[in-house]
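With our numbering applied, the sequence shown corresponds to residues 3 to 488, in that order.
Ideal Cβ placement from N, Cα and C applies to all residues, glycine included.
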Amino acid sequence: MEVLELQNKTHDETRQGEAFAPFTNEVNSFKKHFYIESYGCAMNFSDSEIVASILNEQGFGATTNVENADLIFLNTCSIREKAEQTVRKRLTEFRKIKESKPQMLVGVLGCMAERLKAKLLEEEKLVDIVVGPDAYRSLPNLIEEAEGGQKAVNVLLSREETYADISPIRLNSNGVSAFVSITRGCNNMCSFCVVPFTRGRERSRDANSIVAEAKDLFEKGYREVTLLGQNVDSYHFIDEAKDEVVTFANLLEKVALISPLLRVRFSTSHPKDITDEVLYTMAKYHNICKYIHLPLQSGNTRVLQLMNRTYTREWYLAKVDRIKEIMPECGISADIIAGFCSETEEEHQDTLSAMEYSKYDYSYMFFYSERPGTLAERRYKDDIPEEVKKRRLAEIVALQNRLSYESNLQDIGKTFEVLIEGESKKSGNDWKGRNSRNKVIVFAKENYNLKPGDYVHVKVNECTQGTLLGEIAAVDSPLSIVNSKL
Ligand code: SAH
Ligand code: SF4
Ligand code: F3S
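Listed below in structure tokens is the structure:
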């Protein structure tokens, strides 16, 4: 996923991290302009696209230049302390701009807004607007209030809001892959996690609006959608008009049926909820990518219990077996937390051995960061010294580096169907794309007339730990080039 990749700059602060993505689509016909930066998970990046749509309706155009903005928004993340520190630092940088442009408004959106509420206005004097993830529809009113000199806050969480009817404005898009949000909130109570507090109760978006959005994307030339939710497998929609219950497996199938040329991905799966039905649906459709992000968190059952993950080490590893049984070629990645409360050295070793067993292609690895208000903060002592947490994390990262490399080595000599996403960063002569298993492949353009959004078969010749390097398979080979022209 493009955004995850953006966030994935370092190994110790990955995924729900600190990257930001300003707009790329400059609109000049508007009287007022807004600038937005997104931090955190793909859900936040997707929400910024909804915010952009709401603001556009109100006559605000996007700008990539913060100096030109009448409104600055930070869509924030609270998942770890460092994520919040990054936002605070960024706010300090905006202070100077605001001094020279006092009429400019600064708004904080997203999870940090929800967690800190009006307190954020006291702590960060330059902030004018604070809006939680379920209150974006009220932005036009809040902006009006703030323009009148009032500080404006709306952090109400909702049990219904899914923004189903809002057509997102794609930001930072490569025109090939897009996020489509399918659920909001989370009903799990993992003891370390702030998300249930910042995002509220879980709700599933109308399946018809999801399929319509994916179809519209396909018609606009997109070739890959990623269905997003904190726990996609618990998607459950009752379509009263059609007298139908739509499960996640049903939804996957509906989206896959839009076109065989539209790739379908999803994130995140919870090991307790991913069903055989989902796995069989994945296996049935070529265009549902054979890749599952299956967070482990810890490989030790006692720690998993403290984390309130509701599965054991054995349950998790049996899921991995089941995935490989139904789809031997399926890639798996994980999220892992090092140094959770009271974790012993042996328990840490269990995490390493579970990684070794699962042979992850990739992992997002973190050391535990205590979050105010969570179950773990209230119940357990954050008693693993920072240097121990960091050393355990370094061991986890080193192991993952080896596993990723080993997984890539196994692909040498194989030919994959690749969706071209754009030019390689390193060379204008090379394309970059991904295979179904979510591995990045770089290959020479040669003299073929290909473009982003086209499918091509690529033979892998070499690899690094992070990338496969290959060449377009000969046109006269059985796997001839498949162009996505309809
Ligand atoms: N809904 C997803 C994960 C959302 S948060 C799931 O349940 O799998 C993304 C990842 O951040 C988590 O999987 C976890 O590994 C990490 N994370 C969450 N809270 C954390 C904390 N307090 N400290 C360190 N890492 C944390
Ligand atoms: Fe957080 Fe757990 Fe919900 Fe994931 S499933 S968002 S880790 S509470
Ligand atoms: Fe961060 Fe909120 Fe996502 S806390 S990880 S932006 S749901």
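Rounding to the nearest angstrom, what Cα-Cα distance links E147 and N252 in this structure?
By 1-based counting over the sequence shown, the position of residue 147 is 145. By 1-based counting over the sequence shown, the position of residue 252 is 250. Rounded to the nearest whole angstrom, the CA to CA distance from E147 to N252 is 44 Å.
To the nearest whole angstrom, what separates the beta carbons of S55 and S169, a pair I think is in contact under 8 Å?
Locating residue 55 in the sequence shown gives position 53, counting from the first residue. Locating residue 169 in the sequence shown gives position 167, counting from the first residue. Taking 8 Å as the upper bound for CB-CB distance, S55 and S169 are in contact here, some 6 Å apart.
Tell me whether G150 is buried or exposed, calling it buried when 16 or more other Cβ atoms sit within 10 Å of its Cβ.
Your numbering for residue 150 matches position 148 in the sequence shown. Here G150 is exposed, its C-beta having fewer than 16 other C-beta atoms within 10 Å.
So, with DSSP's three-state summary, where would you put L308?
The count along the sequence shown starts at 1 and reaches residue 308 at position 306. Of the three classes helix, strand and coil, the one that applies to L308 here is helix, per DSSP.
Buried or exposed: T353, going by 16 or more other Cβ atoms within 10 Å of its Cβ?
Stepping through the sequence shown from its first residue, residue 353 is reached at position 351. Label assigned to T353: buried.
Below 8 Å CB to CB, which residues in the same chain sit around Y282 once its five sequence neighbours on both sides are set aside?
Position 280 of the sequence shown, counted from the start, is the residue given in the question as residue 282. These residues qualify, in order along the chain: A251, I328.
Using a Cβ-Cβ distance under 9 Å, would E69 count as near chain B?
Going by chain labels, chain B is absent from the structure shown, which holds only one protein chain.
Contact check, S300 vs D275 under 8 Å by CB: the rounded distance?
Locating residue 300 in the sequence shown gives position 298, counting from the first residue. Locating residue 275 in the sequence shown gives position 273, counting from the first residue. With a Cβ gap of about 18 Å, S300 and D275 do not count as contacting.
May I have the straight-line CA-CA distance separating V110 from C79, to the nearest angstrom?
As a working note, residue 110 is residue 108 in the sequence shown. As a working note, residue 79 is residue 77 in the sequence shown. Distance between the alpha carbons of V110 and C79: 10 Å.
In three-state DSSP terms, what is M514?
Past the edges of the chain, shown from 3 to 488, lies residue 514, and the structure says nothing about it.
In chain order, what residues of the same chain lie with their CB nearer than 8 Å to the CB of R373, ignoring the 5 residues before and after it?
Taking the sequence shown and counting its residues from 1, one reaches residue 373 at position 371. Excluding sequence positions up to five before and after R373, its CB lies within less than 8 Å of the CB of S80, I81, R82, E83, F194, C195, V196, E379, all in the same chain and listed in chain order.
Status (buried if at least 16 other CB within 10 Å, exposed otherwise) for S429:
Taking the sequence shown and counting its residues from 1, the one referred to as residue 429 is at position 427. By the neighbour-count rule (16 or more Cβ atoms within 10 Å), S429 is not buried but exposed.
Distance cut-off 8 Å: P387 Cβ against heavy atoms of the ligand SAH:
On the sequence shown, position 385 is the one that residue 387 refers to. Every heavy atom of the ligand SAH is 8 Å or more from the Cβ of P387, so no.
So, is V444 buried or exposed, given that buried needs 16 or more other C-beta atoms within 10 angstroms?
Your numbering for residue 444 matches position 442 in the sequence shown. Result: buried.
Could you check how far apart the C-beta atoms of L230 and G202 are, in whole angstroms? I think they sit under 8 Å.
Residue mapping note: residue 230 aligns to position 228 of the sequence shown, counting from 1. Residue mapping note: residue 202 aligns to position 200 of the sequence shown, counting from 1. Actually they are not in contact, since the Cβ atoms of L230 and G202 sit about 16 Å apart, beyond 8 Å.
So, S360 versus V399, is the Cβ gap smaller than 9 Å?
Position 358 of the sequence shown holds residue 360. Position 397 of the sequence shown holds residue 399. It is not a contact, given that the beta carbons lie outside the stated cut-off.
DSSP three-state assignment for L320, whether helix, strand or coil
Here residue 320 is taken as the residue at index 318 of the sequence shown, counted from 1. One detail in the question is off: residue 320 reads as Ala in this sequence, not Leu. Of the three classes helix, strand and coil, the one that applies to A320 here is helix, per DSSP.
Pairwise C-alpha distance: M367 and T26
One-based indexing of the sequence shown puts residue 26 at position 24. One-based indexing of the sequence shown puts residue 367 at position 365. For T26, the predicted model reports a pLDDT of 43, less than 50, meaning its position is unreliable and no value from the coordinates is stated.
What separation, rounded to the nearest whole angstrom, lies between the Cα atoms of R92 and S261?
Translated into the one-based positions of the sequence shown, residue 92 becomes position 90. Translated into the one-based positions of the sequence shown, residue 261 becomes position 259. The alpha-carbon atoms of R92 and S261 are separated by roughly 42 Å.
Neighbourhood of L219 by C-beta distance below 7 Å, restricted to the same chain and skipping five residues each side
Numbered from 1 along the sequence shown, position 217 holds the residue referred to as residue 219. For L219, where only same-chain residues beyond five positions count, the Cβ hits under 7 Å are A180, V227.
Given 8 Å as the limit, tell me if F194 has its C-beta closer than that to any heavy atom belonging to the ligand SF4.
Numbered from 1 along the sequence shown, position 192 holds the residue referred to as residue 194. Yes - the ligand SF4 has a heavy atom lying nearer than 8 Å to the Cβ of F194.
Could you tell me the boundaries of the beta strand (DSSP E) in which Y293 lies?
Locating residue 293 in the sequence shown gives position 291, where the first residue counts as 1. Under the DSSP assignment, Y293 falls in the beta strand (DSSP E) whose first and last residues are 293 to 295.
Between I339 and the ligand MN, is there a pair consisting of the residue's CB and a ligand heavy atom that are separated by less than 8 Å?
Ligands in the displayed structure: the ligand SAH, the ligand SF4 and the ligand F3S; the ligand MN is not one of them.
Would you say the region 94 to 112 touches the region 206 to 225, given that touching needs at least three Cβ pairs under 8 Å?
Remark: fewer than three beta-carbon pairs, one from each stretch, lie closer than 8 Å, so the region 94 to 112 and the region 206 to 225 are not flagged as touching.
Alpha carbons only, please: which of N233, H288, V248 is nearest the one belonging to S269?
Translated into the one-based positions of the sequence shown, residue 269 becomes position 267. Nearest of N233, H288, V248 to S269, Cα basis: N233.
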